[in-house]
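Okay, structure first, notes after.
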Amino acid sequence: MSTSEARAAQKQAELLALRKQLDEAQRRVAQKEASGATEAFQRLVVAYQSLLQNQAGNM
12 MSTSEARAAQ KQAELLALRK QLDEAQRRVA QKEASGATEA FQRLVVAYQS
62 LLQNQAGNM
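Numbered per the working numbering, the sequence shown spans residues 12 to 70.
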């Protein structure tokens, strides 16, 4: 393997490692966003239940 081929192989390995890091970071962000959406939905459900209870109490 020539020096230029070795450099190219090294660069390719570095790019692959960076791509794996990027994929992992994107996966973590997606998990956090999904978790945040779930929490927001749960708060919405609680608020809606509270509203229904208040309306039932006012009847």
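Every residue, glycine too, gets a C-beta built ideally from N, C-alpha and C.
Residues in the same chain with beta-carbon distance under 7 Å from residue i, minus the five sequence neighbours each way, listed in chain order, please.
i, result
"R54", "none"
"E16", "none"
With DSSP as the reference, label residue i as helix, strand or coil.
i, result
"S15", "helix"
"N69", "coil"
Apart from the five residues on each side of it in sequence, which residues of its chain come closer than 8 Å, Cβ to Cβ, to residue i?
i, result
"F52", "none"
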